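This note's numbering puts the first residue of the sequence shown at 5, with every later residue one more than the last. Please read the structure below before turning to the comments.
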Amino acid sequence: MIEIRTDRELGIKTIGIREWRDRNSVYNRCEPTPYVALDALLANYKFNPKDHLLDVGCGRGRVGIYLYHKTKIRVTGIEINETTLDEADSNLATYEFKHSLKHTPIQWVYSSAEQYEIEPSQNVFYFFNPFSVQIFKKAINNILISHKEHERPITLIIYYPIGEYQTYLKKSTPFKLAAHIPVPELLDSTQYILIYKL
Numbered sequence: 005m006i007e008i009r010t011d012r013e014l015g016i017k018t019i020g021i022r023e024w025r026d027r028n029s030v031y032n033r034c035e036p037t038p039y040v041a042l043d044a045l046l047a048n049y050k051f052n053p054k055d056h057l058l059d060v061g062c063g064r065g066r067v068g069i070y071l072y073h074k075t076k077i078r079v080t081g082i083e084i085n086e087t088t089l090d091e092a093d094s095n096l097a098t099y100e101f102k103h104s105l106k107h108t109p110i111q112w113v114y115s116s117a118e119q120y121e122i123e124p125s126q127n128v129f130y131f132f133n134p135f136s137v138q139i140f141k142k143a144i145n146n147i148l149i150s151h152k153e154h155e156r157p158i159t160l161i162i163y164y165p166i167g168e169y170q171t172y173l174k175k176s177t178p179f180k181l182a183a184h185i186p187v188p189e190l191l192d193s194t195q196y197i198l199i200y201k202l
């Protein structure tokens, strides 16, 4: 299975789902983006070596580590579940050890999306439905504020986008849909990637 094999090749453990104890939480469960979806992204979207990716709701660190492994871009991940963040730290350490790396430009930060202070260098933002649309709106507003303060091209990458996210971006923000990337290996037609540009 590609999930097990790729985790093993990277030296990380990211398989599995973690539910929040509070079923009414505005934050969604921890679930990794499938590697086939990340491969579809890489086949259809070209990262710039100067990109700085912010993985919003980074979970155990799969997206950040895999995209760094493939592209060598700088990565920051934010996560609000402390247990999950500890696992991301462990995964980064074992990845660096397995591949004889030191001081990779990957970091994890304990923070909510609505409180995180976006760095001027961060220009690519990754989402896999980490929270409710109410929190998503606040996260997007933070991105727009950062863009106003430090104007630069901004890219949103959204895997498995819920309808509320799409409606909000289309009707209430200046972001423009730039690409629709299907992931046919997953069979479920709702599992695709949308890329928005500003």
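In this text, a Cβ means the ideal position worked out from N, Cα and C, and glycines have one as well. Just so it is clear, the structure is predicted and the values come from calculations on it, not from any experiment.
Could you give the distance in angstroms between the alpha-carbon of residue i and the alpha-carbon of residue j?
| i | j | result |
| --- | --- | --- |
| F51 | D43 | 13 Å |
| E7 | L96 | 17 Å |
| L191 | L46 | 19 Å |
| K74 | Q195 | 22 Å |
| K201 | Y164 | 17 Å |
| G81 | P186 | 24 Å |
| M5 | I197 | 22 Å |
| S176 | E168 | 11 Å |
| T159 | T10 | 26 Å |
Does the Cβ-Cβ distance between residue i and residue j come in under 8 Å?
| i | j | result |
| --- | --- | --- |
| P109 | V79 | yes |
| G63 | A92 | yes |
| H154 | P178 | no |
| Y120 | L89 | no |
| I21 | E35 | yes |
| E86 | W112 | no |
Rounded C-beta distance between residue i and residue j? I'm assuming under 8 Å.
| i | j | result |
| --- | --- | --- |
| I147 | Y49 | That belief does not hold up - the Cβ atoms of I147 and Y49 are roughly 18 Å apart, past 8 Å. |
| L71 | L57 | 6 Å |
| I161 | N133 | Not a contact, Cβ separation roughly 12 Å. |
| K152 | E118 | Between E118 and K152 the Cβ distance is about 17 Å, and since that is not below 8 Å, they are no contact. |
| I69 | L14 | 6 Å |
| G65 | T18 | 7 Å |
| S150 | I122 | 4 Å |
For residue i, collect the residues of the same chain with a Cβ closer than 7 Å to its Cβ; drop the 5 residues on either side in sequence, then sort them by chain order.
| i | result |
| --- | --- |
| E189 | V40 |
I'd like the list of long-range same chain contacts for residue i, defined as Cβ closer than 6 Å, with 5 residues on each side in sequence excluded.
| i | result |
| --- | --- |
| A183 | I199 |
(message) Contact between the segment 96 to 106 and the segment 124 to 137 is defined here as three or more beta-carbon pairs at a separation below 8 Å; is this criterion met?
(response) Touching, no.
(message) Measuring CB atoms only, is the segment 130 to 140 touching the segment 163 to 180, in the sense that at least three cross pairs come out at less than 8 Å?
(response) The segment 130 to 140, when compared against the segment 163 to 180, does touch it at the 8 Å Cβ threshold.
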